[in-house]
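Report on one structure; see the data block that follows.
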Amino acid sequence: MSTFEFLLQGLASAAEPMNLLYALIGVTLGTMVGVLPGIGPATTVALLLPVTYQLDATGSLIMFAGIYYGGMYGGSTTSILLNTPGESASIVTALEGNKMARAGRGGPALATAAIGSFVAGLIATLALAFIAPYIVKLALVFGPREYFALMVLAFVTVSSAFGNSTLRGLTSLFIGLALSLVGIDQLTGQNRLSFGVPDLLDGIEVTTMAVAMFAIGETLFIAAQGAQAPDKVEAIKGSVWMTAKDWARSWKAWLRGTVIGFPIGAMPAGGAEIGTFLSYATEKKLSKHPEEFGNGAIEGVAGPEAANNASAAGTLVPLLTLGLPTSATAAIMLAGFQQYGLQPGPLLFATNPQLVWGLIASLLIANLMLLVLNLPLVGLWVKLLTIPKPWLYAGILVFATLGTIGANPSVFELGMLLVFGLIAYVMRVFDYPIAPVIVGLILGPLAEQQLRRALSISQGDFTVLFTSPIAAVLLFIAAVALILPLVLRMRGRGDVLTQMAASED
Amino acid sequence: MKHFLLASFLAGAIALPAAAADYSIMAPAAPGGGWDQTARTMQNVLQQEKISNRVQVMNVPGAGGTIGIAQFASQQKGNPNALLVGGYVMVGAILTNKSPVTLKDVTPIARLTGEYEVIVVPSSSDIKSIGDLVAKLKADPGSVSWGGGSAGGTDHIGAGLIAKAAGVDPTKINYIAFSGGGEALAAILGSQVTAGISSYGEFESQIKAGSLRLLAISSAEKIDGIDAPTLKESGLDVVLQNWRMVAAAPGITEEQKKAIATDIEKLAKSGKWQENLKTKGWMDTYLSGAAFDEQLAKDIASTETILKEIGLVK
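First to last, the sequence lines map onto chains A and B. Residues 1 to 505 (the UniProt record's numbering) are what the first sequence spells out, left to right. Residues 1 to 314 (the UniProt record's numbering) are what the second sequence spells out, left to right.
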């Protein structure tokens, strides 16, 4: 049978009423657990995997796909509504999404996230079905030096996209970089900056940091304003649904997010966050409304959300074609596959075509279910914001704390949550941007490890960083992105740029 | 709001069984890894075989299990229902992290499963045998970059032991640590490193597909179905097993320890457990009682020696 026939057959069996019900249950469960802050897709899947064991192979695979996509999606809801990212891949969503929600545009923000996730999931799943073997070849070309060049590019593009003052942005970034050094050094196994505290050995958890920086810091900030703060968030202004203008601004961002997210997700050391960072930076660069970035630009939600979901499908490329679990979620999926007697690896497409195509068809169905489930719920979710402020923020505190304790049951972790929350509050008061701290915390260790690996392999020869064509091109783009604005400014055209920068939040 | 309540209900429902648990197993690692899978497989089998009515798994990730073991030793003291999954990686991590809590502070019950280490090269490599690799290593230790798991883990120790057995200074090995098997495998397949070292399961499907060449295995004797010489046969006196074990809390009575050991023996001998070992490709290396204690002490001593020689432990 051809690829296409296998896919059709898979779709036909996935579309049976019972299986559709399983998909719906999976998506619902996945979304609900994924909504809890601190509980990312990996934990969601690990918690719910046993539920699927009770069913037959097809049914459990379908429910499993639902849980996976549901968990991926759940995180963005809390990001947008409560400024509390459920996992590191939806941190960027909180930047613009929450601003939109507080300007009464929570509905369109949630809708663009849902539809963007669907579009990206659809395209990426189809790409998984048809071009996975080619993508994986490209991914394998990426060694430590290419990853390092990619990180450099990410640093340059991302740091220019946050905040109105370069100095403040860089300060925040370096706070993040410094914090990223804490813990066991991966390449030598030695402790750094852990001061004998065992809880610090594994470094600072990104989700704890994100929840502290966004949710706790914000709550303190609002509380400190006291009676001066406006009494209630304006929950709904205009339509709950996306307007024609929202659609027009979103669709390109969805597609760009997919194109950025999918290959990076497919890279063994790529990760979902980097795709969301790059997508955000791209949207900001290309937007016709750069002044809205930082105040709730819909592209800033649409792009990263699409990138996030596309990279989730991208993760399956090395898993299905090589048997490489490149994320925690993928590792759990691998365990799940073994339950069905499926051994992912280079021979999987040849030895188990029915199951592979069944899975891909299930992902498509789950993706559709997610949309069916979430679009009608948008109106309901948005009502959350009509809750009086003291209650809403008390609720955010409870959920942030619960999520952190749930993901990592330790008193020290809670202490860190509070301390970083206080730091975030101080940073807000003095107008330092928050996001670069998280960016530094995520990208710092990746860049450092890849650089050291590259140099270790070359036995200390620095020139290897430039001798690979891919690395050289990436570094060249990074250099252009860094130098071009400086040159433009020197030639007197800087006024426009300065103005653009000043109007950013 | 309704859904928020539902969500918190669901979270509550997941957490609820804790109160009624007969056994609560701590996996000192994140979901998805070997220890987590061991704990979850134990959970399933203990329940299916009716050895225990309710079993709960808890993840305390971090630092090669040293964070989990520290928490386990202090919080579960005297609790006859608490179990901890661990393994050889923990032995090394306790040493490199200078963990104040060691395996002496818990009650080891039994070794359950194990995997042997294998040495592979990409099929495009001009290294055809373990002899070729050793020759290259002897000529210039730095020119052989080894890709494997975390620093100080089983893979790193294996590379150190091979160098030592070949008469090469173990401090000179060029070991590149990757996080997780997937990333290391990608680097080996992409010919980013000279050779790869990890447990057989990590490489199995690639070896079968012909994209990796298997050079040697770290078992004492040849294993059925694995077409490679042992390191011993190749003149390198190295036998290394990445084993996983289960331990109970400190401060339990002899009777309590015996009861747990009986349950674990039932588990290890059960049909469902054996079935699971087969699907997961784990080897049954069940060992308990005094024999296990003796083997554990031996492993700890030899690990300390090699980690000192590699230079990871002062």
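A virtual CB, placed ideally from N, CA and C, is assigned to each residue, including glycine.
Subject >> Contained alpha helix (DSSP H) runs [length at least 4] in the stretch 332 to 415 of chain A, N- to C-terminal order >> reply: 348 to 351, 353 to 383, 389 to 407
Original post:
Could you give the C-beta distance for leucine 451 of chain A and phenylalanine 174 of chain A, rounded to a whole number, given that I count them as a contact under 8 Å?
Top reply: The pair is not a contact, with the Cβ atoms about 17 Å apart (cut-off 8 Å).
**OP:** Check each residue of the stretch 450 to 466 of chain A: if its Cβ is closer than 8 Å to any Cβ of chain B, include it; give the result in chain order.
**Re:** Arg453, Ser456, Ile457, Gln459
**OP:** Can you grab the Cα-Cα spacing for the pair phenylalanine 142 of chain A / proline 133 of chain A, in whole Å?
**Re:** 15 Å
Original post:
Do we get a CB-CB distance below 9 Å when we pair isoleucine 67 of chain B with the residues of chain A?
Top reply: yes
Subject >> Whole-angstrom C-beta distance between methionine 100 of chain A and alanine 424 of chain A, which should lie under 8 Å >> reply: The Cβ separation is near 21 Å, so there is no contact.
**OP:** Note down, in chain order, every chain B residue with its Cβ under 7 Å from the Cβ of alanine 269 of chain A.
**Re:** Glu183
Original post:
Since valine 437 of chain A is in the alpha helix (DSSP H), which residue starts that stretch and which ends it?
Top reply: 435 to 457
Original post:
Any C-beta of chain B sitting closer than 9 Å to the C-beta of alanine 132 of chain A?
Top reply: no
**OP:** Compute the beta-carbon to beta-carbon distance between alanine 268 of chain B and alanine 110 of chain B, rounded to the nearest angstrom, for a pair I have assumed lies under 8 Å.
**Re:** 7 Å
Original post:
If you check the beta carbons only, do glutamine 354 of chain A and glycine 66 of chain A fall under 9 Å apart?
Top reply: no
**OP:** May I ask you to check if the CB of leucine 324 of chain A is nearer than 8 Å to at least one heavy atom of the ligand GTP?
**Re:** The ligand GTP is absent from the structure shown, which contains no ligand whatsoever.
Original post:
Among all the DSSP beta bridges, which residues are the ones paired with methionine 245 of chain B?
Top reply: B:Gly86, B:Arg111
Original post:
So does the stretch 392 to 412 of chain A actually touch the stretch 94 to 114 of chain A, counting three or more Cβ pairs closer than 8 Å?
Top reply: no
Original post:
Between the stretch 120 to 139 of chain B and the stretch 283 to 294 of chain B, are three or more C-beta pairs nearer than 8 Å?
Top reply: no
Original post:
In terms of DSSP beta bridges, what is glutamine 56 of chain B paired with?
Top reply: B:Ser24
Original post:
Quick one: does phenylalanine 142 of chain A have its CB under 9 Å from some CB of chain B?
Top reply: yes
Original post:
Which residue comes first and which comes last in the beta strand (DSSP E) that contains asparagine 174 of chain B?
Top reply: 174 to 177
**OP:** Anything in chain A within Cβ reach of leucine 240 of chain B, meaning under 9 Å, just list it in chain order.
**Re:** Neighbours of leucine 240 of chain B on chain A: none; closest Cβ ~18 Å, over 9 Å.
Original post:
Would DSSP call alanine 306 of chain A helix, strand or coil?
Top reply: helix
Original post:
Hey, is leucine 201 of chain A's beta-carbon within less than 9 Å of any beta-carbon in chain B?
Top reply: yes
**OP:** Figure out for me which residue from A:Ala454, A:Ile396, A:Val473 has the closest Cα to the Cα of isoleucine 176 of chain B.
**Re:** A:Ala454
Subject >> C-alpha distance - leucine 380 of chain A paired with alanine 247 of chain B, whole-angstrom precision >> reply: 48 Å
Original post:
What separation, rounded to the nearest whole angstrom, lies between the Cα atoms of threonine 58 of chain A and alanine 361 of chain A?
Top reply: 11 Å
Subject >> Contacts around threonine 38 of chain B, its chain only, beta-carbon distance under 6 Å, and the 5 residues preceding and following it disregarded >> reply: Val85, Arg244
Original post:
At a CB-CB cut-off below 7 Å, which residues of chain B make contact with asparagine 352 of chain A?
Top reply: Residues of chain B passing the Cβ test: none, with the nearest at roughly 12 Å.
**OP:** Would you give the residue range spanned by the alpha helix (DSSP H) that methionine 283 of chain B belongs to?
**Re:** Methionine 283 of chain B -> not in any alpha helix (DSSP H); beta strand (DSSP E) instead, spanning 283 to 288.
**OP:** Taking C-beta pairs closer than 8 Å, name the residues in chain B that glycine 336 of chain A reaches, listed in chain order.
**Re:** Going along chain B, no residue has its Cβ under 8 Å from glycine 336 of chain A, so there is no contact; the nearest lies around 10 Å.
Original post:
Hey, quick one: how far does the alpha helix (DSSP H) through serine 180 of chain A stretch, first residue to last?
Top reply: 166 to 180
**OP:** Buried or exposed for lysine 284 of chain A, please, with buried defined as at least 16 other CB atoms from any protein chain shown within 10 angstroms of its CB.
**Re:** buried
**OP:** Grab the span of the beta strand (DSSP E) containing isoleucine 216 of chain A for me, first residue to last.
**Re:** It is not in any beta strand (DSSP E) - isoleucine 216 of chain A carries neither H nor E in the DSSP assignment.
Original post:
Of the residues B:Val101, B:Lys222, B:Leu231, B:Ser218, which one's Cα is nearest the Cα of glutamine 241 of chain B?
Top reply: B:Ser218
Subject >> Same chain, Cβ closer than 7 Å to proline 318 of chain A, neighbours up to 5 away in sequence not counted >> reply: Val136, Ala139, Ala266, Pro268, Leu324, Thr326
Subject >> Any C-beta of chain B under 9 Å from that of glutamine 499 of chain A >> reply: Legend: pLDDT at glutamine 499 of chain A = 49, less than 50; position of this residue unreliable, value from coordinates given subsequently. Not an interface residue.
Original post:
If you compare alpha carbons, which of A:Ser13, A:Pro17, A:Phe6, A:Leu82 is closest to valine 35 of chain A?
Top reply: A:Leu82
Original post:
Quick one: is proline 17 of chain A buried, meaning 16 or more other Cβ sit within 10 Å of its Cβ, or exposed?
Top reply: exposed
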